[in-house]
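Below is one structure; the comments refer to it alone.
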Amino acid sequence: MIRLEGLSRTYSTARGAVTAVDNVSLEVDDGETCVLLGPSGCGKTTTLRMINRLVLPTSGKIFIAGRDTDGVDPVQLRRGIGYVIQQIGLFPNMTVAENIGVVPRLLGWSLAKSRRRAEELLALLALEPAQFLGRYPNELSGGQAQRIGVARALAVDPPVLLMDEPFAALDPINRESIQDEFLRMQKTLRKTILFVSHDIDEAVKMADRIAIFRAGRLAQFGPPDELLARPADDFVASFVGRDRTLKRLRLIRVRDVMISPTDGVGASGPSVSPDDDLRSVAALFLEHDVESIRCIDDTGRVVGRVSRAAVAARLKSELAR
Amino acid sequence: MSTAMAPGRSTLPYIVLAAIALAIALGLYASGLAADILRYKKDILYLFKQHLVLVAISGSLAIVMGLAVGIWLSRPWMARWSDGVIQAVNMVTSIPTLGKLALMMSLLGIGALPAIVGLWIATLLPIIRNTYEGIRAVPAPMVDAARGMGMSGGEILRRVELPNALFVIFAGVRTAMAVNVGTAPIAFLIGGGGLGELIFTGIDLQEYGMMLAGAIPTALLAVAVDFLFGQAQYWLVPRGVNPLRNF
Numbered sequence: 008m009i010r011l012e013g014l015s016r017t018y019s020t021a022r023g024a025v026t027a028v029d030n031v032s033l034e035v036d037d038g039e040t041c042v043l044l045g046p047s048g049c050g051k052t053t054t055l056r057m058i059n060r061l062v063l064p065t066s067g068k069i070f071i072a073g074r075d076t077d078g079v080d081p082v083q084l085r086r087g088i089g090y091v092i093q094q095i096g097l098f099p100n101m102t103v104a105e106n107i108g109v110v111p112r113l114l115g116w117s118l119a120k121s122r123r124r125a126e127e128l129l130a131l132l133a134l135e136p137a138q139f140l141g142r143y144p145n146e147l148s149g150g151q152a153q154r155i156g157v158a159r160a161l162a163v164d165p166p167v168l169l170m171d172e173p174f175a176a177l178d179p180i181n182r183e184s185i186q187d188e189f190l191r192m193q194k195t196l197r198k199t200i201l202f203v204s205h206d207i208d209e210a211v212k213m214a215d216r217i218a219i220f221r222a223g224r225l226a227q228f229g230p231p232d233e234l235l236a237r238p239a240d241d242f243v244a245s246f247v248g249r250d251r252t253l254k255r256l257r258l259i260r261v262r263d264v265m266i267s268p269t270d271g272v273g274a275s276g277p278s279v280s281p282d283d284d285l286r287s288v289a290a291l292f293l294e295h296d297v298e299s300i301r302c303i304d305d306t307g308r309v310v311g312r313v314s315r316a317a318v319a320a321r322l323k324s325e326l327a328r
Numbered sequence: 002m003s004t005a006m007a008p009g010r011s012t013l014p015y016i017v018l019a020a021i022a023l024a025i026a027l028g029l030y031a032s033g034l035a036a037d038i039l040r041y042k043k044d045i046l047y048l049f050k051q052h053l054v055l056v057a058i059s060g061s062l063a064i065v066m067g068l069a070v071g072i073w074l075s076r077p078w079m080a081r082w083s084d085g086v087i088q089a090v091n092m093v094t095s096i097p098t099l100g101k102l103a104l105m106m107s108l109l110g111i112g113a114l115p116a117i118v119g120l121w122i123a124t125l126l127p128i129i130r131n132t133y134e135g136i137r138a139v140p141a142p143m144v145d146a147a148r149g150m151g152m153s154g155g156e157i158l159r160r161v162e163l164p165n166a167l168f169v170i171f172a173g174v175r176t177a178m179a180v181n182v183g184t185a186p187i188a189f190l191i192g193g194g195g196l197g198e199l200i201f202t203g204i205d206l207q208e209y210g211m212m213l214a215g216a217i218p219t220a221l222l223a224v225a226v227d228f229l230f231g232q233a234q235y236w237l238v239p240r241g242v243n244p245l246r247n248f
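First to last, the protein sequences are chains A and B. All residue numbers for the first sequence refer to my numbering, where the first residue is 8 and numbers rise by one. All residue numbers for the second sequence refer to my numbering, where the first residue is 2 and numbers rise by one.
Below, the structure written as structure tokens:
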């Protein structure tokens, strides 16, 4: 668990003191992904960098697994925390294997052991080890480099990952696929992740909880659905966008609103899978003049139906909660 | 940069150079000058050794100290001073080498010592400058990533900053050593010895054989030194940051 208590950071500039982060307190549970979200200059990156002490807090405390990080040697602390950044994360003078092996080698692992670990991680990220271990970063595509950046952060299997806009430099298609892969991995790895982003869609997709920042202050902190359903103020409402109801739809799976009786749905017409999110259902409702849509599983069997009324009721019930 | 290139990329300059050398050697042989030159064989050997000592001592001291000072200036705690120091270095660099030697002579008298010190200063400055600039050109986010992963200052220097600056540092060393080898004959003028003795005396006496007996080994040494450092640059700079090896 990571706990920030009254965390502040001020910088003295020529025009007087500037508060980059102002009295931020939040808690992230083990295995949770918390996205720090906000416009540029809102203090989200500074907050992240205080956790691995690249920036020292002016006041406030940070606890990782109950331990005050004030008392830990920063170099030792950082070796136990995975760190992924957006720009040139990889060292161009090192091969992929050497890049992934940086922290293991710092911790005194043997060359053979750190190489085996690199192979393991590449395989986990669906990159052929034999093909990639000996490559240099300038021989990788942007998407490959970013995957290896993630692999490197996971090298010594740290419980905590800090990610500073890790996928921001990728094209939309690559970004989607690396996000999906990362979510799939996180399901089994259950790391405690702090993830900086300025992209509400990415935040809704990746986060268990979102912390929205405004001018150094925490504007709202809660699960994505709560932020979308009940923005705390006008700033949050405008940041999440007027289409926030549509964004909420992506958080809900068809299986959650599906009802079993399949009477009233024909053998033809549109259909969805139980694992689709409600956006695709909404799209089908807009396209077709039907009251309900069939749900078909992988084997092609009809397993239920989704009705317009069920979708609307679901959106209302989340609101009321 | 100079013509010396790495194998695999291009050995052409060396082939051309060898062909020209062969042509010159044949010309010298045909004109009888070769015999004139070989009359100075004992002098050549003796003075070449002297020459080599000048180059080796001033060059190696300059490389060691240039790297050390360049690294030192690049440290964060030196940031306030380093710009000023580099300005001063640039100013001193602009003094002609002959002037530097003359200044050394007026300070240290004549002989090998002022020659070595003069050559050392001339060689030192480009190495300091390139080491400093090379390290400073390493992108800040890269150093930040290294720090965020838990590297100490020394580890960042050894594993990130130096390897990524190495190509630029080597370029500085090659330039500096070209200056060093090129200036070494002038050491004779302040009593430093070396092959300059044959060259300058040959010119004064209009003895072409004697002059070439000094000039040819000097030229060969310059080519050999540049080749040596070119090879070192090719093989020692990691492939990922070595423009010579990115095809």
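Cβ coordinates follow ideal geometry from the N, Cα and C atoms, glycine included.
Could you have a look at A:D187 and say whether DSSP puts it in helix, strand or coil? Three-state result, A:D187: helix.
Mind checking A:R16: buried by the 16 CB within 10 Å criterion, or exposed? Counting Cβ neighbours within 10 Å, A:R16 comes out buried, since at least 16 surround it.
Selection from A:R74, A:M213, A:P99, A:D171 that minimises the alpha carbon distance to A:S184: Comparing alpha carbon positions, the residue from A:R74, A:M213, A:P99, A:D171 closest to A:S184 is A:M213.
Determine whether the Cβ of B:V180 lies closer than 8 angstroms to any Cβ atom of chain A. Cβ-Cβ to chain A under 8 angstroms: no for B:V180.
Taking the straight line between their C-alpha atoms, what separation do you get for B:F1 and B:P142? Within the shown structure, residues of chain B are numbered from 2 to 248, placing residue 1 of chain B beyond reach of any answer.
Mind listing, in chain order, the continuous beta strand (DSSP E) runs of no fewer than 3 residues lying wholly within the segment 34-62 of chain A? Counting whole runs of 3 or more residues, the segment 34-62 of chain A contains the beta strand (DSSP E) stretches 40-44.
Does the segment 215-231 of chain B touch the segment 143-155 of chain B, meaning 3 or more C-beta pairs lie closer than 8 angstroms? Not touching, per the Cβ criterion.
Give the residues of chain A in contact with B:V161, contact being defined as C-beta atoms less than 8 angstroms apart. Chain A residues near B:V161: F98, N100.
Mapping the DSSP letters down to three states, classify A:S299 as helix, strand or coil. Reduced to three states, the DSSP call for A:S299 is strand.
Verify the CB distance criterion: does A:Y18 have a CB-CB separation below 8 angstroms to chain B? A:Y18 does not count as touching chain B.
Got a sec? Which residues, its chain only, sit under 8 angstroms from A:F228 by beta carbon, not counting five neighbours each side? Same-chain partners within the cutoff: L33, R216, I217, A218, I219.
Please report the residue range of the beta strand (DSSP E) in which A:L201 lies. Counted as a single uninterrupted DSSP element, the beta strand (DSSP E) harbouring A:L201 occupies residues 199-204.
Can you give me, in chain order, the residues of the segment 139-166 of chain B that have a beta carbon less than 8 angstroms from any beta carbon in chain A? Under the 8 angstroms Cβ criterion, the segment 139-166 of chain B contributes P140, P142, M143, D145, A146, A147, R148, G149, M150, G151, M152, S153, E156, R160, V161, P164, N165.
With a threshold of 8 angstroms between beta-carbons, can B:V242 be considered close to chain A, or not? Closer than 8 angstroms: yes.
Any non-hydrogen atom of the ligand ZN closer than 7 angstroms to A:V82 Cβ: No copy of the ligand ZN occurs in the structure displayed, which carries no ligand at all.
Name the two residues that bound the continuous beta strand (DSSP E) containing A:F228. It spans 224-229 - the beta strand (DSSP E) in which A:F228 sits, taken as one unbroken run.
Where DSSP assigns a beta bridge to A:D171, which residues make up the other side? Beta-bridge pairing links A:D171 to A:I92, A:V203.
A:V247 and A:I300 look like a contact to me (Cβ under 8 angstroms); what is the Cβ gap, rounded to whole Å? At roughly 27 angstroms, the Cβ-Cβ gap does not stay under 8 angstroms, so A:V247 and A:I300 are not in contact.
Extract the residue ranges of the beta strand (DSSP E) inside the segment 93-177 of chain A, only unbroken runs of 3 or more that lie entirely within it. Restricting attention to beta strand (DSSP E) runs no shorter than 3 residues, the segment 93-177 of chain A encloses them at 167-171, ordered along the chain.
Please decide whether B:N131 counts as near chain A, where near means a Cβ-Cβ distance under 8 angstroms. Not a single C-beta of chain A is nearer than 8 angstroms to the C-beta of B:N131.
Closer than 8 angstroms to chain A by CB, B:P239: So yes, B:P239 belongs to the interface.
Got a sec: is the Cβ-Cβ distance from B:G9 to anything in chain A below 8 angstroms? With a pLDDT of only 49 at B:G9, under 50, the local geometry of the prediction cannot be trusted, and the value read off the model is given with reservation. For B:G9, not one C-beta of chain A is nearer than 8 angstroms to its own C-beta.
Name, going along the chain, the residues of the segment 59-73 of chain A whose beta-carbon falls closer than 9 angstroms to a beta-carbon of chain B. Per Cβ criterion, the list reads N59, L61.
May I have the straight-line CA-CA distance separating B:A1 from B:V161, to the nearest angstrom? In the structure as shown, chain B begins at 2 and stops at 248. Residue 1 of chain B is therefore absent and cannot be evaluated.
Sub-8 angstroms separation of A:D199 and A:E12 beta-carbons: Inspection of the sequence shows that residue 199 of chain A is occupied by Thr rather than by Asp. Result no, Cβ atoms of A:T199 and A:E12 do not sit closer than 8 angstroms.
Look at the alpha carbon of A:E294 and the alpha carbon of A:M8, and state the distance between them as a whole number of angstroms. Taking the straight line from one Cα to the other gives about 45 angstroms.
Buried versus exposed, by CB contacts within 10 Å (16 or more), B:I16: Exposed is the label assigned to B:I16, since fewer than 16 other Cβ atoms lie within 10 Å of its Cβ.
DSSP beta-bridge partners for A:I217? Paired residue(s): A:V42, A:G229.
Among A:L147, A:D80, A:A226, A:E188, which one has its Cα closest to the Cα of A:S245? Checked all of A:L147, A:D80, A:A226, A:E188; the closest Cα to A:S245 is A:A226.
Give a yes or no on whether 8 angstroms exceeds the smallest Cβ distance from A:I266 to chain C. Absent from the structure is chain C; the protein chains it does hold are A and B.
According to DSSP, is B:Y41 part of a helix, a strand, or is it coil? Coil.
My assumption, with CB atoms under 8 angstroms, is that B:D145 sits in contact with A:L61. Please give the rounded CB distance. The Cβ separation is near 7 angstroms, so the contact holds.
Neighbour-count burial assignment, B:V93, 16 or more Cβ in a 10 Å radius: Residue environment analysis places B:V93 among the exposed positions, since fewer than 16 neighbouring C-beta atoms fall within 10 angstroms of its C-beta.
Whole angstroms are fine: how far does the CA of B:L39 sit from the CA of B:I217? Taking C-alpha positions only, B:I217 is separated from B:L39 by approximately 12 angstroms.
With distances taken between CB atoms, is the gap from B:I87 to B:R148 smaller than 8 angstroms? No, the Cβ-Cβ distance between B:I87 and B:R148 is not below 8 angstroms.
From the DSSP output, in three-state form, read off A:R249 for me. DSSP places A:R249 in coil when its eight states are reduced to three.
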